[in-house]
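Protein sequence lines, in the order shown, are assigned to chains E, Y, P and C.
Under the UniProt record's numbering, the first sequence has 212 at position 212, and the numbering climbs by one with no breaks.
Under the UniProt record's numbering, the second sequence has 144 at position 144, and the numbering climbs by one with no breaks.
Under the UniProt record's numbering, the third sequence has 281 at position 281, and the numbering climbs by one with no breaks.
Under the UniProt record's numbering, the fourth sequence has 271 at position 271, and the numbering climbs by one with no breaks.
Down below is the structure, laid out as structure tokens.
There are 4 protein chains.
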Amino acid sequence: MYLVGSDKKMDYVNGPGRNHLFVPGPVNIPDQVIRAMSRNNEDYRSPAIPALTKTLLEDVKKIFKTTSGTPFLFPTTGTGAWESALTNTLSPGDRIVSFLIGQFSLLWIDQQQRLNFNVDVVESEWGQGANLDALASKLAEDRAHTIKAICIVHNETATGVTNNLATVRKILNQYNHPALFLVDGVSSICALDFRMDEWGVDVALTGSQKALSLPTGIGIVCASPKALEASKSAKSVRVFFDWKDYLKFYKMGTYWPYTPSIQLLYGLRAALDLLFEEGLDNVIARHNRLATATRLAVDAWGLKNCTQKEEWHSDTVTAVVVPEYIDSSEIVRSAWKRYNLSLGLGLNKVAGKVFRIGHLGNLNELQLLGCLGGVEMVLKDVGYPVKLGSGVAAAATYLQNTTPLIPSRI
Amino acid sequence: MYLVGSDKKMDYVNGPGRNHLFVPGPVNIPDQVIRAMSRNNEDYRSPAIPALTKTLLEDVKKIFKTTSGTPFLFPTTGTGAWESALTNTLSPGDRIVSFLIGQFSLLWIDQQQRLNFNVDVVESEWGQGANLDALASKLAEDRAHTIKAICIVHNETATGVTNNLATVRKILNQYNHPALFLVDGVSSICALDFRMDEWGVDVALTGSQKALSLPTGIGIVCASPKALEASKSAKSVRVFFDWKDYLKFYKMGTYWPYTPSIQLLYGLRAALDLLFEEGLDNVIARHNRLATATRLAVDAWGLKNCTQKEEWHSDTVTAVVVPEYIDSSEIVRSAWKRYNLSLGLGLNKVAGKVFRIGHLGNLNELQLLGCLGGVEMVLKDVGYPVKLGSGVAAAATYLQNTTPLIPSRI
Amino acid sequence: MYLVGSDKKMDYVNGPGRNHLFVPGPVNIPDQVIRAMSRNNEDYRSPAIPALTKTLLEDVKKIFKTTSGTPFLFPTTGTGAWESALTNTLSPGDRIVSFLIGQFSLLWIDQQQRLNFNVDVVESEWGQGANLDALASKLAEDRAHTIKAICIVHNETATGVTNNLATVRKILNQYNHPALFLVDGVSSICALDFRMDEWGVDVALTGSQKALSLPTGIGIVCASPKALEASKSAKSVRVFFDWKDYLKFYKMGTYWPYTPSIQLLYGLRAALDLLFEEGLDNVIARHNRLATATRLAVDAWGLKNCTQKEEWHSDTVTAVVVPEYIDSSEIVRSAWKRYNLSLGLGLNKVAGKVFRIGHLGNLNELQLLGCLGGVEMVLKDVGYPVKLGSGVAAAATYLQNTTPLIPSRI
Amino acid sequence: MYLVGSDKKMDYVNGPGRNHLFVPGPVNIPDQVIRAMSRNNEDYRSPAIPALTKTLLEDVKKIFKTTSGTPFLFPTTGTGAWESALTNTLSPGDRIVSFLIGQFSLLWIDQQQRLNFNVDVVESEWGQGANLDALASKLAEDRAHTIKAICIVHNETATGVTNNLATVRKILNQYNHPALFLVDGVSSICALDFRMDEWGVDVALTGSQKALSLPTGIGIVCASPKALEASKSAKSVRVFFDWKDYLKFYKMGTYWPYTPSIQLLYGLRAALDLLFEEGLDNVIARHNRLATATRLAVDAWGLKNCTQKEEWHSDTVTAVVVPEYIDSSEIVRSAWKRYNLSLGLGLNKVAGKVFRIGHLGNLNELQLLGCLGGVEMVLKDVGYPVKLGSGVAAAATYLQNTTPLIPSRI
């Protein structure tokens, strides 16, 4: 029981020691970022905030690996960023091809349908990647270019599946198809290899609470010149999410059509500084290292990865399939109640069947080992005959061979 | 020059001493609230966040003075809250009556038009309140009930004008008109007397960065049962801002269709606790006290209030008209550059003609006197022959007579 | 490289993820406490600070398990608290018996000698507890009561040895000896079973940065009525550390002879609240649980505990002996440079021979497993043929059997 | 009523808006510094803390204007710093000349006497500066050099009197007297002109909670080479405050004989960065500007400054004499209870007769005007016939003429 400000009692909050946060978002915020955000409001019309914003817009492009894109920092969540990407580039009735491979792609498709697009859903079994052969067929048939956009989730957070975006571009090029290429990079950007310009992505988006390791509250949308052009004729109704208003204020140099979160702007500055200090490629390598270690632990436990093929393995989240006699929700519940460990639930089709370990954002090797040690204990708690230490051993063997020295300490 | 995290240099930031933040939003955040928000992310699907959310939804109704309303805490700004209020209750083509009295009502009307409503704009001179006689005429004529909603800004932040909502309700009742009553309470709620149930308001909304004294990031929308009913048939396209998704998660007891800002939830808890500790009516009385003192200072300086009649005087912001030979933007610029005082610019029609003193949120008497002392010095800086100390004297004379003891210290 | 405020570059600071702080002090500060301390200064002569201080003085007695003691919150470190304990109760030339069993008892003895007491040093091999048989002999011989005080370190942080204070009291009683019983509880109080009243301890002391889990800056000294009486005639020169000044201000109800740290007072309040919420006995049980797990890991690694007998095993710190061919400093260095893990160095006689794992303060099971996983990797890095996962497995087996549910989450 | 962590209720804490902290210490902490300190503990034996400490020791010399001095950052208060200055340079029985001009010089003299020095007290009326003619006489007579040290408070915080240290040095030189020159700079250094090397000061000291604008907890002592030499033979008993232990660890490059406050080290770094960014001479000029404005306000109110001559006027604190029919404590009480304004009480001889306005540390013009406006209201509350606005007008007239643009915003 914990009292925040006066006499409101807040249940569940305190446990001894730290919370081990291994959900695939929102993720751990580095202390440096928490400090940078611990501040009063400011007048966003003073010269200071535009000066800060200017550096952010310039630097945020680096995490998309784009030089030609135009970024927007919407005060919203990933769901809002989705809506901004769609409504600024498409008109009601437009045909789009969209891949359903798990809960988040499902939700995006639901949004696409509710926004009145004509959605051509390409479904895969949960645990598989997007069916890109189907894409090729559709493009091949679409000589009239009725398909206006391809919508794809780079990394499906529900199943731990990463789609191959380079291949999507290759197929588009192969058929010389002009469809817009819209990418949900919510659980990938800043953690997985992502190359907006090289892959010809037209709109990419992410949320501040994922690999950027901030609180929820900024939906970052980045638009290619082609997407910006499309926005001029897109007929979807939009106001809050309209790029036009932002572009107008960019031109004036005041940047904000409405009030931004001062705290998140300073937080984003600090988060980007940390990313660039570590080096974006090192950050991506670290995510691969921690993910590989996690997959080795899952193997050692004798459990199955929900992701069906290695090519789709996600470096930001691992969905672990539990034996049929176990309810995976019980694992999540028990982890939190006994070990202060926060794991991700199985969602929708895989509810009760998988639990998820999020390993994205500002994390290191020993935090992961603590988590894996905890998962082992929980597995035992719920009746799975795991050999305690086995997963940690597998992970540590890999990590001890691959972890570099911390650059600032060499 | 100030370095946030690594080698990014941030101009303009540091001055000796505190920034005196007197823009009408975002406003000063109490230290207690900054502390409550200085924290890591959490799993929003654990039992803790729903338990916290439940208390917030219950308590936030008190600031609207409603028991029958249903509140929504959108991760957005006031502009987003506007959009949510409109799209959930209305269908494209619906006729609405909307009052244009300043920049913010103008922006809302712009949004209404872009969302394809048929907006019947009732314009007043800037500095005047909404023309409610025109409303009466329109309702009188509208026997067919073609008017679906009345949209009104309770407090126009650009001119410091407060509209009389009780009268709006009276007129609606007089004509027994079923139009929805939608209110922008962005710069009023928690600061001015606001009575959702008593005045029969159907949707009221505010933003966290105004009188609630939080960072930007929560758009609070509160819907009456009638508004909820309307939302079932409203045909405006909406997904992110759709109440339906929230209501579905309310029913499940998990509350959030997508990721909220953990920090803002704890911050809102702390902000509400402070409000209730002081007492909402005391908070409103304090706003009236500080506003009265400000107006007395303006009189003493020999300057005019932009608000043309006393009945419209706003207790959250005062727009001060400067003599023609002065550019009010120069006042704002100089205040910030020399005295670390943040004042509000004149906007649009009153750009260069007024500057604004925001006196809302967690403020006290001596903060205001510091601001007024600063404004006097700036006025002199820009060539207005003010008698230094005159405004402070007028304000202090009033405050010394009216300021109560701090309850916790009696 | 990290820049704190302007252009000072700070080396070594940033690594990806959290620092794993396992030195035996200063220890991890709970976020709740960091938040409580993140505040401006206040006038310590206002009514608020005495009111707060009063609750602290009352509640701090509980961590000493005393009702008759008088606590003092000196703005100092453990070294200062030592000095306060000695100079307030003894006069130059007084004979005292003091036990040398490691670096911290050595430093205290050094202080005792420099303060001109006649120190009768009873030395043990490092790794052993205090030689209480020698104490018995000395008391037996001391019919003239020339021994004025017994000085003993409850828990020697350098070797991980806990002395048996109940036995000290038994021996004192057995010889009916009036010597004062002075105890350094720096790395024990709030973590190990400590009973000031029951054991007849005359002065006990601790530091805020140890099991209380605060920053350094409060040396807490608690005096029995007998110690207070002794302070009236003690001739050691003292001013800053004089209890008399405090007692004078206690009487006046203003409490502070000089300026306290406002932040640490609020921090102490929060730390005590967390301790009492968890329950002091549960906190002590948690320390025992984590310590037992650590010792099991050390066994599994095939390494020796520096503590020579089980009866002396410390529940707050484990000193691990490394094979002769390894320099333990290299372990500490490597842990920090590669894994962001902070371990304790071997000090003085055991420099290079042991490294230390501090497991005190606000810690939980998974944090410990992360640390143990890290130690294993470091051991392998430096050439010790450890089986990765072995220590974690041993610890987890114990912990999985013994960890209770988190009370607030049941 | 405010609850910090669990169910402890804290009275008096909350009022609407900010506390206006105008006691002469502890003073307002800049938000940048609060942020820098909002952090977990660290291992102070890692390479990071010595690297940080090294920059601090180098930079802290600048605030003393010394290149030859050796600074010590004791984890203590000003009272502890006094003790360190005395015990490291003097032996019991040593004759010292000490000036009694107010409560803080009185307390230092009390300490000197309790430390068994032979104190030759030169008393002045409270409100006057040190009687330096008496010093000249004493030195003239002391051909045998029995006087070992001159102890003087640079700025007496109780009466707002600044002594002329350059004259002290001139007199010492005139008589070619080898006495050590020990200076309490607690409420002067970083705010008043202070020149350790130029004035030949042998030990100067300050506290972190004064013009450095940090929390209480660092007593900064700076020793000249002559003082260091003296410390080798000084026979006063000391351990915690002994410079020798620090010097030993300086040589080893680990810097700390015992655990420092990690938070205060980072805070000191940020505080120094802010000072140097503003420019030490600009900081001193700002203190003079705010002090002059305060004195003009006091004149305008028709009240007397406790400081009897202009040459002694303090630029960090103004003690205001109230008419006989008013109890100055009532002013302090009322300011806090009604206006959330913290003023300094009159102490000892001037209790009830003066109240004090501290204007040191990180403050600006508008903060001061708020305070002065508040003092006026309080004066009226307690029955003094002040013309409201009169003091603010006088101060503002001066400030409007003299305040420079904020350099970072030009």
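Ideal placement from N, C-alpha and C gives every residue a C-beta, glycine not left out.
message: Check whether chain C comes within 8 Å of P:W336, counting only Cβ atoms and requiring the distance to be less than that.
response: Numbered from 1 along the third sequence, position 336 holds the residue referred to as residue 336 of chain P. True, the Cβ-Cβ gap to chain C drops below 8 Å.
- prompt: Starting from Y:R356 and walking both ways along the beta strand (DSSP E), at which residues does that stretch end?
  reply: On the second sequence, residue 356 of chain Y is found 356 positions in, with the first residue counted as 1. From DSSP, the beta strand (DSSP E) with Y:R356 extends over V354 to G358.
Distance CB(E:I150)-CB(E:L135) smaller than 8 Å: Residue numbering aside, residue 150 of chain E sits at position 150 when the first sequence is read from its first letter. Residue numbering aside, residue 135 of chain E sits at position 135 when the first sequence is read from its first letter. Their beta carbons are under 8 Å apart, which means E:I150 touches E:L135 by this criterion.
query: For the beta strand (DSSP E) that contains E:K65, what are its first and last residues?
result: For the purposes of this step, residue 65 of chain E is taken as the residue at position 65 of the first sequence. Segment: none, E:K65 is in no beta strand (DSSP E) and carries neither H nor E.
query: Taking 8 Å as the CB-CB limit, is E:L214 close to chain P?
result: Looking up residue 214 of chain E in the first sequence gives position 214. Chain P, which has no Cβ nearer than 8 Å to the Cβ of E:L214, makes this no.
- request: Would you mind giving the Cβ-Cβ distance between E:Q308 and E:V27, rounded to the nearest angstrom? I have them listed as a contact below 8 Å.
  value: In the first sequence, counting from the first residue as 1, residue 308 of chain E sits at position 308. In the first sequence, counting from the first residue as 1, residue 27 of chain E sits at position 27. So it is not a contact: roughly 25 Å between Cβ atoms.
Residue span of the beta strand (DSSP E) that contains P:T79, given as start and end: Taking the third sequence and counting its residues from 1, the one referred to as residue 79 of chain P is at position 79. From DSSP, P:T79 is part of no beta strand (DSSP E) but of the alpha helix (DSSP H) over G78 to T87.
query: Measuring CB to CB, does Y:V317 end up less than 8 Å from Y:G358?
result: By one-based count along the second sequence, residue 317 of chain Y stands at place 317. By one-based count along the second sequence, residue 358 of chain Y stands at place 358. Yes.
- prompt: Which residues mark the beginning and the end of the beta strand (DSSP E) in which E:V183 is found?
  reply: Sequence index remark: in the first sequence, residue 183 of chain E carries index 183 (1-based). L180 to D184 is the span of the beta strand (DSSP E), which, as asked, contains E:V183.
field: Completely contained alpha helix (DSSP H) runs for the segment 163 to 221 of chain Y, where each covers 4 or more residues
entry: 165 to 174
task: Specify the secondary structure class of E:G370 as computed by DSSP and reduced to three states.
output: Reading the first sequence from its first residue, position 370 is the one you call residue 370 of chain E. The answer is helix: DSSP assigns E:G370 an H, G or I state.
- prompt: Which parts of the segment 100 to 135 of chain C are runs of the beta strand (DSSP E), unbroken and 3 residues or longer, counting only runs that do not cross its ends?
  reply: 118 to 123
query: Start and end of the alpha helix (DSSP H) containing C:H287?
result: Here residue 287 of chain C refers to the residue found at position 287 when the fourth sequence is read from its first residue. Start and end: L280 to A300.
P:V97 - partner residues in DSSP beta bridges: The sequence position of residue 97 of chain P within the third sequence is 97, counting from 1. DSSP, once it has assigned bridges, lists P:D120 and P:I150 as partnering P:V97.
field: Cut-off 6 Å between Cβ atoms - residues of its own chain near C:L265, not counting five sequence neighbours on either side
entry: The residue you call residue 265 of chain C lines up with position 265 of the fourth sequence. These residues qualify, in order along the chain: L52.
field: Contacting residues, own chain, Cβ-Cβ under 8 Å from E:P260 (five flanking each side not counted)
entry: Translated into positions along the first sequence, residue 260 of chain E becomes position 260. Closer than 8 Å at the Cβ level, and outside the excluded window around E:P260, lie Y44, I49, T53, L73 and P75.
Segment contact flag, the segment 95 to 109 of chain E with the segment 229 to 248 of chain E, C-beta cutoff 8 Å, min 3 pairs: no
message: Please return the same chain residues whose Cβ sits closer than 7 Å to the Cβ of Y:R195, not counting the five positions on each side in sequence.
response: Numbered from 1 along the second sequence, position 195 holds the residue referred to as residue 195 of chain Y. Answer for Y:R195: K65, listed in chain order.
Contact list for C:N40 against chain E, beta-carbon separation under 8 Å: Your numbering for residue 40 of chain C matches position 40 in the fourth sequence. Ordered by position in chain E, the residues that pass the 8 Å Cβ test against C:N40 are D31.
- prompt: How close, in whole Å, do the beta carbons of E:L132 and E:T167 come, if the pair is a contact with beta carbons under 8 Å?
  reply: Here residue 132 of chain E refers to the residue found at position 132 of the first sequence. Here residue 167 of chain E refers to the residue found at position 167 of the first sequence. Correct: roughly 5 Å between the Cβ atoms.
message: Measuring alpha carbon to alpha carbon, tell me which residue in C:N41, C:V161, C:K61 and C:P178 is nearest C:E311.
response: The residue labelled residue 311 of chain C in the question sits at position 311 within the fourth sequence. Minimum Cα distance to C:E311 is reached at C:V161.
message: Whether or not the segment 340 to 353 of chain C and the segment 387 to 395 of chain C are in contact is what I'm after, with contact meaning three or more pairs of Cβ atoms, one per stretch, closer than 8 Å; do they touch?
response: no
- request: Would you decide whether E:E42 is buried or exposed? Buried here means 16 or more other CB atoms lie within 10 Å of its CB.
  value: For the purposes of this step, residue 42 of chain E is taken as residue 42 along the first sequence, with counting starting at 1. E:E42 is buried by the Cβ-count criterion.
- prompt: Is there at least one Cβ from chain C nearer than 8 Å to P:M1's Cβ?
  reply: Taking the third sequence and counting its residues from 1, the one referred to as residue 1 of chain P is at position 1. Only weak support is given to the placement of P:M1: the predicted model assigns it a pLDDT of 33, under 50, and the value that follows is read from those uncertain coordinates. Judged by the 8 Å Cβ criterion, P:M1 is not in contact with chain C.
query: So is P:Q35 in contact with chain Y if we call contact Cβ pairs under 8 Å?
result: Translated into the one-based positions of the third sequence, residue 35 of chain P becomes position 35. The sequence given here places Arg at residue 35 of chain P; Gln does not occur at that position. Chain Y, which has a Cβ nearer than 8 Å to the Cβ of P:R35, makes this yes.
- request: Could I get the ranges of all uninterrupted alpha helix (DSSP H) runs contained in the segment 313 to 339 of chain P, with 4 residues as the minimum, in chain order?
  value: 328 to 339
field: Contact with chain Y by E:G258, beta-carbon distance below 8 Å
entry: Translated into the one-based positions of the first sequence, residue 258 of chain E becomes position 258. The amino acid at residue 258 of chain E is misidentified as Gly; the sequence shows Tyr. Closer than 8 Å: yes.
query: Would you say P:T397 faces chain E, with C-beta separation under 8 Å as the test?
result: If you number the third sequence from 1, residue 397 of chain P lands on position 397. Chain E contact via Cβ: present.
- prompt: Does the beta carbon of E:H20 come closer than 8 Å to any beta carbon on chain P?
  reply: In the first sequence, counting from the first residue as 1, residue 20 of chain E sits at position 20. Yes, because at least one Cβ of chain P sits closer than 8 Å to the Cβ of E:H20.
Continuous alpha helix (DSSP H) stretch holding E:F249: start and end: Counted from its first residue, the first sequence places residue 249 of chain E at position 249. Its alpha helix (DSSP H) spans residues W243 to M252.
- prompt: Name the residues in the segment 100 to 124 of chain P whose C-beta lies less than 8 Å from a C-beta of chain E; which are they?
  reply: none
- request: Report all residues from its chain with a CB closer than 8 Å to the CB of Y:G5; omit the five preceding and five following residues, and keep chain order.
  value: As a working mapping, residue 5 of chain Y is identified with position 5 in the second sequence. Any reading at Y:G5 must be qualified, since the residue scores a pLDDT of 42, below 50, and its modelled position is unreliable; the value itself is stated next. Taken in chain order, the list of residues that qualify is empty.
- prompt: Shortest alpha-carbon distance to P:A395 belongs to which of P:L290, P:G253 and P:R114?
  reply: By 1-based counting over the third sequence, the position of residue 395 of chain P is 395. Out of P:L290, P:G253 and P:R114, P:L290 has the C-alpha closest to the C-alpha of P:A395.
Length of the line joining the Cα atoms of E:F276 and E:L56: For the purposes of this step, residue 276 of chain E is taken as the residue at position 276 of the first sequence. For the purposes of this step, residue 56 of chain E is taken as the residue at position 56 of the first sequence. Approximately 13 Å between the Cα atoms of the pair.
query: Which residues of chain P have a Cβ atom closer than 8 Å to the Cβ of E:G69, listed in chain order?
result: In the first sequence, the residue the question calls residue 69 of chain E occupies position 69. Residues of chain P passing the Cβ test: none, with the nearest at roughly 26 Å.
- prompt: To the nearest angstrom, how far is it from the Cα of P:I220 to the Cα of P:L205?
  reply: What you label residue 220 of chain P is simply residue 220 of the third sequence in a count that begins at 1. What you label residue 205 of chain P is simply residue 205 of the third sequence in a count that begins at 1. The straight-line gap from Cα to Cα measures roughly 5 Å.
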